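Residue 237 in the working numbering sits at position 235 of the sequence shown, and the numbers go up by one each step.
Glycine is no exception: its CB is placed at the ideal position from the N, C-alpha and C atoms.
Remember, predicted model here, so these are calculated numbers, not experimental data.
To start, the structure itself, in structure tokens.
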Amino acid sequence: MDPQTIASISMQNDLLRMNDISQNLANVLTPGYKRHVSVTRSFDSFVSENAAIDPHSGNTGSSVIDPSSGTLRATKNPMDIAIEGEGFFEVTTDKGPAYTRQGALKIDTQGRLTNVQGLPLMGTGGELFTSGTSFSIDESGNVKQGTQTIGQIKVVQFSKAESLLPIGDGLFQQGAAQITNKNDTSKVRGGYLENSNVSSPQEMIRLTETVRHFESMQKLMQGYDDVFQKAITKLGDF
3 MDPQTIASIS MQNDLLRMND ISQNLANVLT PGYKRHVSVT RSFDSFVSEN AAIDPHSGNT
63 GSSVIDPSSG TLRATKNPMD IAIEGEGFFE VTTDKGPAYT RQGALKIDTQ GRLTNVQGLP
123 LMGTGGELFT SGTSFSIDES GNVKQGTQTI GQIKVVQFSK AESLLPIGDG LFQQGAAQIT
183 NKNDTSKVRG GYLENSNVSS PQEMIRLTET VRHFESMQKL MQGYDDVFQK AITKLGDF
């Protein structure tokens, strides 16, 4: 692979990384947000799969999420819930199940527990219906009104959770992640929301590193353009 192609692909990867960083910084205060991380394959593995490389479309990078937990923030609002540990809440969309760590709840006109977008929150036995706004949620996710348990919030575990596919509004589709039934010590915390797992200082460091790398690749390409231009000029003298 020639140096110009390497530089071109590196710059495309830098642009992908900067896009992830800007999105992370924009969501630093978004509850339950999972930072996006750019992953770059080696050039050798990329070349082996792409015998003919178009430097304008070839890209060795992709984005995954960082599924690590954010810190919990006490809100004292009974309509707020968070997961302490691994796992995701499940909601129902018109395109099937989706998963989220955002736990700000509402009650719709049918008495269902929903997320802020109005999507039904799923329990282990289906949708969760309440007969009023007064209820409590214990660490196992049991939703209680008085002495009656009306259902248990469903917490879904994944292996390769970094492969969940973001679809906006703090929601994820399963993507390449795999649902697992492994034992887990996660707890549902009522009156809490999970903070974003983005660290502003770390993202700013990544942004500075990425900009400097992009500039160095740009200078490399300009240097080779100058060399080729001089070579063409000398050839024209003969």
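Review point. Phe82 to Ser10, Cα distance in whole Å?
Key: Residue numbering aside, residue 82 sits at position 80 when the sequence shown is read from its first letter. Residue numbering aside, residue 10 sits at position 8 when the sequence shown is read from its first letter. The amino acid occupying residue 82 in the given sequence is Asp; Phe does not appear at that position. Each residue's alpha carbon lies about 47 Å from the other.
**Study point:** Identity of the residue in Gln204, Gln14 and Asp68 nearest Thr42 by Cα
**Key:** For the purposes of this step, residue 42 is taken as residue 40 along the sequence shown, with counting starting at 1. Closest option to Thr42, Cα to Cα, is Gln14.
Exercise for review: Within 10 angstroms of the Cβ of Pro33, are there 16 or more other Cβ atoms? Answer buried if so, exposed if not.
Suggested key: As a working note, residue 33 is residue 31 in the sequence shown. It is buried - the Cβ of Pro33 has at least 16 other Cβ atoms within 10 Å.
Exercise for review: Would you give the residue range spanned by the beta strand (DSSP E) that Leu173 belongs to?
Suggested key: Indexing the sequence shown from 1 puts residue 173 at position 171. Leu173 to Gln175 is the span of the beta strand (DSSP E), which, as asked, contains Leu173.
Review point. In terms of alpha-carbon separation, which member of Leu222, Ile207 and Ser202 lies closest to Leu31?
Key: Residue mapping note: residue 31 aligns to position 29 of the sequence shown, counting from 1. Closest by alpha carbon: Ser202.
Check your understanding: Nearest-angstrom Cα distance between Ala84 and Val190?
Key -> For the purposes of this step, residue 84 is taken as the residue at position 82 of the sequence shown. For the purposes of this step, residue 190 is taken as the residue at position 188 of the sequence shown. In a straight line, the C-alpha of Ala84 is about 6 Å away from that of Val190.
Practice item. To the nearest angstrom, report how far apart His215 and Gln231 are at their CA atoms. Key: Along the sequence shown, one-based indexing puts residue 215 at 213. Along the sequence shown, one-based indexing puts residue 231 at 229. Those two C-alpha atoms are separated by around 24 Å.
Review point. What's the C-alpha gap between Ser161 and Gln204?
Key: In the sequence shown, residue 161 corresponds to position 159, counting from 1. In the sequence shown, residue 204 corresponds to position 202, counting from 1. Ser161 and Gln204: Cα-Cα distance of roughly 26 Å.
**Study point:** Member of Gly143, Ala28, Ile207 and Val66 whose CA lies at the smallest distance from the CA of Ser40
**Key:** Translated into positions along the sequence shown, residue 40 becomes position 38. Nearest of Gly143, Ala28, Ile207 and Val66 to Ser40, Cα basis: Val66.
Point to revise | Close beta carbons around Thr187, own chain, < 8 Å, minus the five adjacent residues each side | key: As a working note, residue 187 is residue 185 in the sequence shown. Counting only Cβ-Cβ distances below 8 Å, and skipping sequence neighbours, we find Gly87.
Check your understanding: When burial is assigned at 16 or more other CB atoms within 10 Å of the CB, is His58 buried or exposed?
Key -> Taking the sequence shown and counting its residues from 1, one reaches residue 58 at position 56. For His58, the pLDDT reaches just 46, beneath the cut-off of 50, and the residue's location in the model is therefore unreliable, although a value from the coordinates is still provided. By the neighbour-count rule (16 or more Cβ atoms within 10 Å), His58 is not buried but exposed.
Check your understanding: Can you give the Cα-Cα distance for Ile55 and Leu167, rounded to whole angstroms?
Key -> To locate residue 55, count along the sequence shown from 1; it is residue 53. To locate residue 167, count along the sequence shown from 1; it is residue 165. A caution first: Ile55 carries a pLDDT of 46, below 50, which makes its placement in the model unreliable, though a value can still be read off. Using only the alpha carbons, I get a separation of about 27 Å.
Review point. Which value, in whole angstroms, describes the spacing of the CA atoms of Gln147 and Ser136?
Key: Working through the sequence shown from its first residue, we reach residue 147 at position 145. Working through the sequence shown from its first residue, we reach residue 136 at position 134. Taking the straight line from one Cα to the other gives about 7 Å.
**Study point:** 8 Å contact criterion, which Glu280 and Val158 should meet: CB distance rounded
**Key:** There is no way to answer for residue 280, as the model of the chain reaches only from 3 to 240.
Exercise for review: Just tell me which of Pro122, Leu130 and Gly128 has its CA closest to the CA of Thr102.
Suggested key: Looking up residue 102 in the sequence shown gives position 100. Comparing Cα-Cα distances from Thr102 to each of Pro122, Leu130 and Gly128, the minimum goes to Pro122.
Review point. Anyone know if the C-beta pair for Ile169 and Gln175 falls short of 8 Å?
Key: Indexing the sequence shown from 1 puts residue 169 at position 167. Indexing the sequence shown from 1 puts residue 175 at position 173. Yes; because the gap between Cβ atoms is below 8 Å, this pair is in contact.
Exercise for review: Determine the burial state of Ala53: buried for a count of at least 16 other Cβ atoms within 10 Å of its Cβ, exposed for fewer.
Suggested key: Sequence index remark: in the sequence shown, residue 53 carries index 51 (1-based). For Ala53, the pLDDT reaches just 44, beneath the cut-off of 50, and the residue's location in the model is therefore unreliable, leaving the point undetermined.
Check your understanding: Taking Cβ to Cβ, would you say Gly153 is nearer than 8 Å to Gly127?
Key -> As a first step, residue 153 is located in the sequence shown; it is residue number 151 there, counting from the start. As a first step, residue 127 is located in the sequence shown; it is residue number 125 there, counting from the start. Yes.
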